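See below for the structure under consideration.
Numbering (the numbering used here), first residue to last: 48 to 210.
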């Protein structure tokens with residue numbers, strides 16, 4: 048366990064998951080199914096869903112059949128069509144967050160602003176901020192393997208690698 052430093056004190060957190068989209072929710076669900084409740088999911092939005100929460104343009108839909116664009120552990124959703132629309136996919140994600148018990152582990156409106164490895168402490172120091180408040184909070188979190196992060200980044204960044 049490592050310290051989670053917040054304005055009101057310190058608590059322990061084992062896994063920090065960034066994003067409450069499909070991938071982040073899958074990681075949270077897996078952790079809970081394995082009996083691990085020592086995690087927090089942070090998301091800059093006000094609800095689960097990631098891409099399907101944020102992209103609400105007319106006609107937004109999935110080009111993959113709905114039953115395939117679903118979690119293997121949450122197949123009971125009653126899709127109204129073969130290819131789900133944005134509102135229906137967002138509803139599906141909210142229903143999974145409820146059925147899997149994820150909401151208590153999610154801190155909405157929280158943006159990750161920095162992540163640096165602290166050699167001396169042997170842990171990651173992740174800086175976050177509440178997107179609706181001034182100031183910052185700081186997480187210190189051990190690098191616990193939590194799963195693949197297959198979602199696309201919300202903000203593109205340019206590589207600093209030579210070549």
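Ideal Cβ positions, reconstructed from N, Cα and C, are used throughout, including at glycine. Just so you know, these numbers come straight off a predicted model, no measurement behind them.
> Going by other Cβ atoms of all chains shown within 10 Å of its Cβ, with 16 needed for buried, is residue 69 buried or exposed?
Replying inline: Start at 1 with the first residue of the chain shown, and residue 69 comes out as number 22. Of the residues assessed, residue 69 falls on the buried side of the cut-off, its CB having 16 or more other CB atoms within 10 angstroms.
>> My output table needs one value for residue 135: the three-state DSSP class, helix, strand or coil.
In response: As a working mapping, residue 135 is identified with position 88 in the chain shown. In the structure shown, residue 135 adopts helical secondary structure according to DSSP, grouped into three states.
> Tell me which same chain residues have a C-beta within less than 6 Å of the C-beta of residue 54, skipping the five on either side of it?
Replying inline: Residue mapping note: residue 54 aligns to position 7 of the chain shown, counting from 1. Note that residue 54 scores 47 on pLDDT, short of 50, meaning its location in the model is unreliable; the coordinates nonetheless yield the value given after this. Once the five neighbours on either side are set aside, residue 54 has no close Cβ partner at all.
> With residue 42 and residue 178 assumed to form a contact (beta carbons below 8 Å), what rounded beta-carbon distance in angstroms separates them?
Replying inline: Because the chain in this structure spans residues 48 to 210, residue 42 falls outside the shown range and cannot be described.
>> Using DSSP's beta-bridge definition, name the partner residues of residue 159.
In response: For the purposes of this step, residue 159 is taken as residue 112 along the chain shown, with counting starting at 1. 175, per the DSSP bridge assignment.
>> Could you compute how far the alpha carbon of residue 67 sits from the alpha carbon of residue 140?
In response: Here residue 67 refers to the residue found at position 20 when the chain shown is read from its first residue. Here residue 140 refers to the residue found at position 93 when the chain shown is read from its first residue. C-alpha separation (whole angstroms): 9 Å.
>> I'd like the span of the beta strand (DSSP E) that includes residue 86, first residue to last.
In response: Here residue 86 refers to the residue found at position 39 when the chain shown is read from its first residue. Counted as a single uninterrupted DSSP element, the beta strand (DSSP E) harbouring residue 86 occupies residues 86 to 89.
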